[in-house]
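Visitor: Got a structure here, written out as structure tokens. Questions coming.
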DNA sequence: TGTCGATATTGACATCGGTCGATGCTGTGG
DNA sequence: CCACAGCATCGACCGATGTCAATATCGACA
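Residue numbers (the numbering used here), protein chains in the order written: chain A, 197 to 320; chain B, 197 to 320.
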């Protein structure tokens with residue numbers, strides 16, 4: 197395994213799921229905000245949001261890149277955005293033969309949702 | 197009322213709440229993604245996320261700018277970010293004498309949360 | 001081994017966006 | 001009417017980011 201390999205991305209090694217308390221429980225610290233804002237930023241681009249929605253709505257909760265590449269930008273750009281979503285912890289990828297499949301990370305998604313839903317409920 | 201007034205921001209005049217289906221129900225259209233990504237982008241900056249959290253966690257669900265200005269950036273920058281949060285429909289503002297108060301928009305927040313929570317639940 | 005299809009990476013470019021100092025606007029109180 | 005405080009706007013700077021063409025990598029299949 198000394199040859200090439202992909203050196204195990206460190207971004208996925210630590211648990212990203214239980215990131216922060218609800219947004220209205222207490223003010224976020226600078227560090228918490230730094231971490232959490234990255235996830236929101238990942239969905240803050242229309243192309244990425246479409247790609248994410250394409251993966252999330254695809255049968256089986258996963259999709260090959262070739263299935264979701266039709267969003268109006270070039271292939272490198274699609275790859276770039278998928279990488280960003282992966283780095284943010286929202287997607288994971290797996291190579292299967294010729295194709296690479298992406299699937300959503302439910303835990304992270306749920307954490308983000310809880311952040312907002314709880315805050316909205318309490319604020320109402 | 198011809199004098200000054202604030203001319204009723206058009207961004208808040210149309211219902212922003214039921215923006216989109218859950219992210220895994222069907223692929224978002226380009227237009228939907230364009231609209232929805234703006235809300236996520238608004239929370240995709242650490243300073244804005246802290247400001248939003250400060251407002252949301254403040255007593256009464258609202259806060260004077262002077263109460264939340266201590267986030268490590270200059271006063272114009274705070275004002276700039278609050279404007280962005282307001283433009284995204286996440287906050288509303290009201291002038292009361294010398295001070296301006298910001299409060300969260302629960303409906304929009306809940307809509308964003310539902311977008312994520314439903315998707316996470318179904319995906320799990 | 002060599003070619004081909006699928007995806008990732010690189011490098012360059014233009015635009016976007018966060019930041020600040022300076023300044024303007026709007027109430028308050030003297 | 002004037003000075004001051006709170007907040008917004010302006011203009012400029014500069015790093016971040018979305019985009020593409022070109023190229024590299026990786027696996028499948030002759």
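Backbone N, C-alpha and C define an ideal beta-carbon position, used for all residues, glycine too.
Quick check on DSSP: helix, strand or coil for residue 281/A?
Guide: Residue 281/A falls in the helix class under three-state DSSP.
Visitor: Buried or exposed: which applies to residue 273/A, given that a residue is buried once 16 or more other Cβ atoms fall within 10 Å of its Cβ?
Guide: Result: exposed.
Visitor: Whose CA, out of 298/B, 291/B and 281/B, lies closest to the CA of residue 239/B?
Guide: The residue with the shortest Cα to Cα distance from residue 239/B is 281/B.
Visitor: Could you list the residues in the segment 258-291 of chain A with a C-beta less than 9 Å from some C-beta on chain B, going in chain order?
Guide: Correct list: 264, 267 and 268.
Visitor: Have a look at 247/B, 262/B and 248/B and flag the residue whose alpha-carbon is nearest the alpha-carbon of residue 294/B.
Guide: Checking every option, the nearest Cα to that of residue 294/B belongs to 262/B.
Visitor: Under 8 Å Cβ-Cβ, which residues of chain A neighbour residue 229/B?
Guide: Neighbours of residue 229/B on chain A, chain order: 242, 243, 245, 246 and 249.
Visitor: If the cut is a Cβ gap below 7 Å, which residues of chain B does residue 256/A touch?
Guide: Going along chain B, no residue has its Cβ under 7 Å from residue 256/A, so there is no contact; the nearest lies around 10 Å.
Visitor: Check for me: the alpha helix (DSSP H) holding residue 229/A runs from which residue to which?
Guide: It spans 226-238 - the alpha helix (DSSP H) in which residue 229/A sits, taken as one unbroken run.
Visitor: Answer yes or no: does any C-beta atom of chain B fall closer than 9 Å to that of residue 234/A?
Guide: Taking Cβ atoms only, chain B reaches closer than 9 Å to residue 234/A, which makes this a yes.
Visitor: Quick one: residues in its chain with C-beta nearer than 7 Å to the C-beta of residue 314/B, no 5 flanking neighbours on either side, listed in chain order?
Guide: Here the set comprises 218.
Visitor: When burial is assigned at 16 or more other CB atoms within 10 Å of the CB, is residue 244/A buried or exposed?
Guide: That one is buried.
Visitor: What number of angstroms, rounded off, separates the C-alpha of residue 307/B from the C-alpha of residue 279/A?
Guide: In a straight line, the C-alpha of residue 307/B is about 27 Å away from that of residue 279/A.
Visitor: Going by Cα to Cα distance, which pick from 276/A, 265/A, 270/A and 253/A is closest to residue 302/A?
Guide: Of the listed residues, the one whose Cα sits closest to residue 302/A is 253/A.
Visitor: Look up residue 269/A in the DSSP assignment and say whether it is helix, strand or coil.
Guide: Note: residue 269/A maps to coil in three-state DSSP.
Visitor: Using a C-beta cutoff of 9 Å, does residue 309/A count as contacting chain B?
Guide: Yes, residue 309/A counts as interfacial toward chain B.
Visitor: Label residue 246/A either buried or exposed according to how many other C-beta atoms from any shown protein chain fall within 10 Å of its C-beta, with 16 as the threshold for buried.
Guide: Label assigned to residue 246/A: buried.
Visitor: Nearest-angstrom Cα distance between residue 242/B and residue 309/B?
Guide: Using only the alpha carbons, I get a separation of about 19 Å.
Visitor: How many angstroms separate the CA atom of residue 221/B from the CA atom of residue 271/B?
Guide: About 42 Å.
Visitor: Tell me the residue span of the alpha helix (DSSP H) that contains residue 251/B.
Guide: From DSSP, the alpha helix (DSSP H) with residue 251/B extends over 242-253.
Visitor: With a threshold of 16 other CB atoms inside 10 Å of the CB of residue 275/A, please say whether the residue is buried or exposed.
Guide: Label assigned to residue 275/A: exposed.
Visitor: Kindly give me the distance between the Cβ atoms of residue 259/B and residue 251/B, rounded to whole angstroms, as I take these residues to be in contact under 8 Å.
Guide: Between residue 251/B and residue 259/B the Cβ distance is about 5 Å, and since that is below 8 Å, they are a contact.
Visitor: Which residue wins for smallest C-alpha separation from residue 288/B, given the options 257/B, 230/B, 225/B and 228/B?
Guide: Here the closest residue by C-alpha is 257/B.
Visitor: Quick one: is residue 173/A near chain B, going by C-beta distance under 9 Å?
Guide: There is simply no residue 173/A to check, as chain A begins at 197 and stops at 320 in what is shown.
Visitor: Check whether the Cβ atoms of residue 286/A and residue 304/A lie closer than 9 Å to each other.
Guide: Yes, Cβ-Cβ distance for residue 286/A and residue 304/A is below 9 Å.
Visitor: Over what stretch of residues does the beta strand (DSSP E) that includes residue 292/A continue unbroken?
Guide: From DSSP, the beta strand (DSSP E) with residue 292/A extends over 287-292.
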